[in-house]
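Step one of this worksheet: look at the structure below.
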Amino acid sequence: MKRNFALLAIAGFYFCYFAFNGIFSPYWGLYLAGLAFPAWQIGVLTSLTQINRIYAPALWGYLADRTGQRRLILRVAGACGLLFFIPLLFSKTFWPILFAVLLGSFFWSAALPLVESTAMSILKGDSGAYSRLRIWGSLGFVVATIAAGYLIEGVGVQVLPWAVISIMTGLALYCWCVPETPVSASVLQAEAPFRDILRRREVQSVLAACFLMALAHGPYYSFYSIYVANQGYSKSTIGWFWTLGVLAEIVVFWCMPRLNVRFSAKTLLLFGLALAVLRFMSIAWGVTSILILLLAQMAHAFTFGSNHAVNMAYIHRYFAGRHQAKGQALYIAMSFGIGGSLGGILAGWAWSAWGGSVVFSLAALACLLGFAVAWRGLPAD
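Take the sequence shown: its letter number 195 is residue 319 in the working numbering, and every next letter is one higher.
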């Protein structure tokens, strides 16, 4: 019963955490465009959540390991995340919005690695069970994206901050319910030193491939909705585009135990990177075709879904014992942090000069480089 309650709380957390993404990723750029911000400011403001993922997970993970108070830190993160996002309700200019999102997402980004560690502890490292628990996050993204799309179309994009506060309230409540789990002390095991792990070619290759894939997704998360809206697609249609991608992701998460049996981790990683090249080139030059956009969104199953699951497996494999938390923080920092934020910022600068087609073509090039790195650097499983 206690384990079931813990998993229920974690499922609720995933639902709310990724529901926040389901509002922010498709519509935050549209909200900022509605406030008449220039492209470079939109690029900065849409990248703040990724920027915080560069350093916040490592900081909060260190505090959790150091103090052994993971549950307390998680509760503080949930409450403060809600508190600092509240100024979005009345802020309409660049600097107040920047500070609200910077502070709010600093605490928001802290919560995920703490809950991920708790989930893996409860599930005893079962990646198949983890993938199916993680489905609740994808469902939260779908529900939020669809609901927000129709709400924005009916009421207007100015309703977005209220939707954010509603989701953050639920997130704070679930942060309060996630149970405590023991945090390993740094001296319990005698694995290879952390810096020696980082010197291994296969570890560097995984992290580089993660970085390049996330770099390519920076323009997607920051400007995809704007790019598609400029072609005349409605807000609700854009919401369905995002939803289709996440539905495909859900299918792959559910099937990951079988895929792991039939294919090696390297094969799945390379397939996701190759498909990402095709996906972003399709978005770049096929945006006027709804069929091409639908097929491109279905590719999200492998460009994100299986890619993330495989990367989690690699991190679990290479960063053992007392290095698990640091390895996960490094993965988040290199991919969702540095890669995602840099991709969004560079896209903001390049958008005005070269346009969306060139920017998404460059995203495809980043994935091609990631494919080459993984092909040469990862050993056969």
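Idealized CB from N, CA, C, for every residue including glycine. Keep in mind it's a predicted model, so treat the numbers as computed, not measured.
**Prompt:** Mind checking whether L502 and V370 have CB atoms under 8 Å apart?
**Reply:** no
**Prompt:** When the distance is taken between beta carbons, is F365 closer than 8 Å to W475?
**Reply:** Their beta carbons are not under 8 Å apart, which means W475 does not touch F365 by this criterion.
**Request:** Return the CA-CA distance between G252 and K126, expressed in angstroms with no decimal places.
**Result:** 21 Å
**Message:** My output table needs one value for F137: the three-state DSSP class, helix, strand or coil.
**Reply:** helix
**Proximal residues to K450 (C-beta, below 8 Å), its chain only, five neighbours per side dropped** = Same-chain partners within the cutoff: A182, G185, F318 and F443.
**Asked** How is Y357 classed by DSSP in three states: helix, strand or coil?
**Response** coil
**Collapsed DSSP secondary structure at E304 in the structure displayed** = Look at E304 here: in three-state DSSP terms it is coil, with no helix or strand label.
**Message:** Within 10 Å of its beta-carbon, does E240 have 16 or more other beta-carbons around it, so buried, or fewer, so exposed?
**Reply:** buried
**Request:** Would you give the residue range spanned by the alpha helix (DSSP H) that H432 belongs to?
**Result:** N431 to Y442
**Asked** By Cβ distance below 6 Å, which residues in the same chain neighbour V401 in space, the five residues on each side in sequence not counted?
**Response** A488, C491 and L492
**Prompt:** At a cut-off of 7 Å, is V302 close to the ligand SAH when judged by its beta-carbon and the heavy atoms of the ligand?
**Reply:** No copy of the ligand SAH occurs in the structure displayed, which carries no ligand at all.
**Prompt:** What residue range is occupied by the uninterrupted alpha helix (DSSP H) comprising R506?
**Reply:** Here the chain covers residues 125 to 505 and nothing more, so residue 506 does not appear.
**Request:** Determine the DSSP secondary structure at L247, reduced to helix, strand or coil.
**Result:** coil
**Asked** Tell me which same chain residues have a C-beta within less than 6 Å of the C-beta of S262, skipping the five on either side of it?
**Response** V370, E373 and I374
**Request:** Count the other CB atoms, across all protein chains shown, that sit within 10 Å of the CB of G228; report buried if there are 16 or more and exposed otherwise.
**Result:** buried
**Item:** Cβ pair I134, A243 closer than 8 Å
**Value:** Taking 8 Å as the Cβ cut-off, I134 and A243 qualify as a contacting pair.
**Prompt:** Counting along the chain, where does the alpha helix (DSSP H) carrying S406 start and finish?
**Reply:** Its alpha helix (DSSP H) spans residues A389 to W409.
**Message:** Can you look up L159 in the DSSP assignment and give me helix, strand or coil?
**Reply:** It is coil, neither helix nor strand.
**Message:** Can you tell me whether L196 is helix, strand or coil according to DSSP?
**Reply:** Residue state, collapsed to three classes: helix.
**Request:** Answer yes if the region 139 to 147 comes into contact with the region 254 to 274, meaning at least three C-beta pairs across the two stretches below 8 Å, and no otherwise.
**Result:** yes
**Request:** Going by CA-CA distance only, name the one from A340, I246 and S430 that's closest to N128.
**Result:** With distances taken between Cα atoms, N128 lies closest to I246.
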